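Read through the structure below, which is laid out as structure tokens, and then see the notes.
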Amino acid sequence: MFWMLDCLKTYNRSVVTDSKPANLADDDDKNRVKFRVKNCFVTFNLSFLSEPLTEFTKIALKFSSITNPSLLGKQTKSTVVSHHIETIGSPVYSKPGRFKPELLKAAKKEFECLMTLDIICRSISPLSNPFHMVKKANGGWRSCGDYSCLNAMIVPNRYPVPYIQDCTQLLESKTIFSTIYLSRAYNQIVVFPDDITKTEMTTVCLSMFPCLLDYGMLEKIFNDSLIWFSSCLNFCVPYFDDIVIATSIEEENKSHLRIVRYRQMEYSLTLNASKCILGQISVTFLGCLFTPEGVKALPSKVKEILDMPKPKT
Numbered sequence: 000m001f002w003m004l005d006c007l008k009t010y011n012r013s014v015v016t017d018s019k020p021a022n023l024a025d026d027d028d029k030n031r032v033k034f035r036v037k038n039c040f041v042t043f044n045l046s047f048l049s050e051p052l053t054e055f056t057k058i059a060l061k062f063s064s065i066t067n068p069s070l071l072g073k074q075t076k077s078t079v080v081s082h083h084i085e086t087i088g089s090p091v092y093s094k095p096g097r098f099k100p101e102l103l104k105a106a107k108k109e110f111e112c113l114m115t116l117d118i119i120c121r122s123i124s125p126l127s128n129p130f131h132m133v134k135k136a137n138g139g140w141r142s143c144g145d146y147s148c149l150n151a152m153i154v155p156n157r158y159p160v161p162y163i164q165d166c167t168q169l170l171e172s173k174t175i176f177s178t179i180y181l182s183r184a185y186n187q188i189v190v191f192p193d194d195i196t197k198t199e200m201t202t203v204c205l206s207m208f209p210c211l212l213d214y215g216m217l218e219k220i221f222n223d224s225l226i227w228f229s230s231c232l233n234f235c236v237p238y239f240d241d242i243v244i245a246t247s248i249e250e251e252n253k254s255h256l257r258i259v260r261y262r263q264m265e266y267s268l269t270l271n272a273s274k275c276i277l278g279q280i281s282v283t284f285l286g287c288l289f290t291p292e293g294v295k296a297l298p299s300k301v302k303e304i305l306d307m308p309k310p311k312t
């Protein structure tokens, strides 16, 4: 079963896991292959099983362990960068928020998934931050703490956001691209143990604290962690949770991809296989289309402008 899941991860369909025992079903109408493993939902890019395996696919299969979402919280605990929260003033306290029945059901389901991944833990502390559920573009829900009061007390970290132009200048004259995206990227940074109590959240059904960096916290150091990760990898361009490998020839891209995958195993970074694109002549990166001819705007971004009728006056 797990061998089959590793193989399917490299193809161009969707794989969804849920809390029930292993169960495979193919839905041609939705172009989905569903797997039921563990207590979380994960989607992978898959293509038809009849297609031959490419060299890039074989590389992805060799390092399939770093795409296993059930190991997210467990693997992350060995990372070298931790999130410190230096505050001034009294601890934060808030009453639990109220949810509609359908939203409460979605929240409980998300809690179950996050606890399975060791991203959150139960808490009995009286200190807490408000909690919200945010709608995602794919129709799902993302849990997010309201850390506005906590953020107001945090001593600012002046780490600058890098210029995109400085990050992408290495892509000039490159012809083969591979993009790598991390799974639950900000949840892969460990919160410093002494600061965990400051991040506690409360709901009507559960009080909890995130063991890993949560959405909504100020002074995120994720880009700093990727700089640690990509040190001495001059062919690798990191920007927050996005990484691109750009080379002039295909064999060089394969070699660099192997190096990056080994480094990701060393740093215990879990990938989102559904978003990773390997060995292509054009890729979407940082909201732009990167090709051998240069950087272009995404067609979806300029479609309305191009389709606008010419004025008659």
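Take the sequence shown: its letters are residues 0 to 312, numbered as in numbering that gives the first Met the number 0. Every residue, glycine too, gets a C-beta built ideally from N, C-alpha and C. Computed from a predicted model, the values in this text were never measured in an experiment.
CB-CB under 6 angstroms to residue i, same chain, minus the five flanking residues each way: which ones, in chain order?
i, result
"P291", "T174"
"F62", "R260"
"P310", "none"
"K135", "R141"
Out of curiosity, what's the CA-to-CA distance linking residue i and residue j?
i, j, result
"D117", "D145", "20 angstroms"
"T196", "F176", "42 angstroms"
"Q164", "S299", "22 angstroms"
"Y180", "V301", "25 angstroms"
"Y162", "S172", "20 angstroms"
"V203", "M114", "17 angstroms"
"T269", "D240", "11 angstroms"
"S89", "L103", "30 angstroms"
"N85", "P95", "Note on identity: in this sequence residue 85 is Glu, with Asn being the wrong assignment. E85 and P95: Cα-Cα distance of roughly 25 angstroms."
"I359", "H82", "No statement about residue 359 is possible, as the shown extent of the chain runs from 0 to 312 and does not include it."
"V294", "P237", "17 angstroms"
"T178", "I242", "6 angstroms"
"N156", "C143", "21 angstroms"
"E111", "R121", "11 angstroms"
"E265", "I65", "10 angstroms"
"S147", "E101", "26 angstroms"
"C275", "T312", "47 angstroms"
"L277", "N186", "24 angstroms"
"R281", "E249", "Note on identity: in this sequence residue 281 is Ser, with Arg being the wrong assignment. Between S281 and E249, the C-alpha separation is close to 13 angstroms."
"T56", "F234", "20 angstroms"
"D306", "S267", "46 angstroms"
"S247", "Q168", "14 angstroms"
"E54", "P159", "38 angstroms"
"R262", "Q279", "22 angstroms"
"V190", "S254", "34 angstroms"
"P192", "P308", "59 angstroms"
Nearest to residue i by CA position, among the options, is which residue?
i, options, result
"I188", "I195, C204, L212", "L212"
"F130", "G293, S122, M114, R97", "R97"
"A151", "L217, L60, H82, Q279", "L217"
"L256", "Y266, E265, A245", "A245"
"K108", "A136, W140, Y92, P125", "W140"
"S206", "D306, T312, S127", "S127"
"G138", "N252, A105, Q168", "A105"
"N271", "E251, A184, M307", "A184"
"S273", "D306, M307, S182, C210", "S182"
"N252", "S267, Y92, L170", "L170"
"Y214", "S281, L149, P310", "L149"
"C166", "F284, K309, P308", "F284"
"M132", "Y92, K99, V190", "K99"
Kindly indicate the opening and closing residues of the beta strand (DSSP E) around residue i.
i, result
"R313", "Absent from the structure is residue 313, since the part of the chain shown begins at 0 and ends at 312."
"R121", "119-121"
"C287", "287-290"
"C204", "Premise fails: C204 is in no beta strand (DSSP E) and is neither H nor E."
"M132", "130-134"
"F284", "282-284"
"K107", "No beta strand (DSSP E) holds K107; the alpha helix (DSSP H) holding it covers 100-115."
Just checking: is the beta-carbon of residue i within a distance shorter than 7 angstroms of some beta-carbon in chain C?
i, result
"C275", "You won't find chain C in this structure, because it holds only one protein chain."
For the alpha helix (DSSP H) containing residue i, list its first residue and its last residue.
i, result
"Y314", "What the structure shows of the chain is the stretch from 0 to 312, and residue 314 is not part of that stretch, so it cannot be assessed."
"T167", "163-167"
"A184", "Neither: A184 is in no alpha helix (DSSP H) and is coded neither H nor E."
"K173", "Here K173 belongs to no alpha helix (DSSP H), and DSSP marks it neither H nor E."
"K314", "Outside the shown range of the chain, which is 0 to 312, sits residue 314, and nothing can be said about it."
"L297", "Neither: L297 is in no alpha helix (DSSP H) and is coded neither H nor E."
Per DSSP, which residues does residue i bridge with? Please list them.
i, result
"I276", "T178"
"C210", "C210 pairs with nothing; no bridge assigned."
"C235", "I244"
"K309", "Note: K309 sits in no beta bridge, so no partner."
"H82", "V190"
"G215", "In DSSP, G215 forms no bridge with anything."
"L149", "Answer is none; L149 lacks a bridge partner."
"G88", "BP columns for G88 are empty, so no partner."
Compute the minimum distance between the beta carbon of residue i and the heavy atoms of the ligand ATP, and state whether it is under 6 angstroms.
i, result
"K173", "Here there are no bound small molecules, and the ligand ATP is not part of this structure."
Which same chain residues, not among the five before or five after residue i, have their C-beta less than 8 angstroms away from its C-beta?
i, result
"A296", "C287, L288"
"I258", "L232"
"F208", "I119, C120, S122, S124, I195, T196, T198, E199, M200"
"Y92", "P125, L126, S127"
Cutting at 7 angstroms between CB atoms, please list the residues of its own chain near residue i, excluding the five before and the five after it.
i, result
"D194", "H83, I84"
"I153", "I84, E85, T86, L217, E218"
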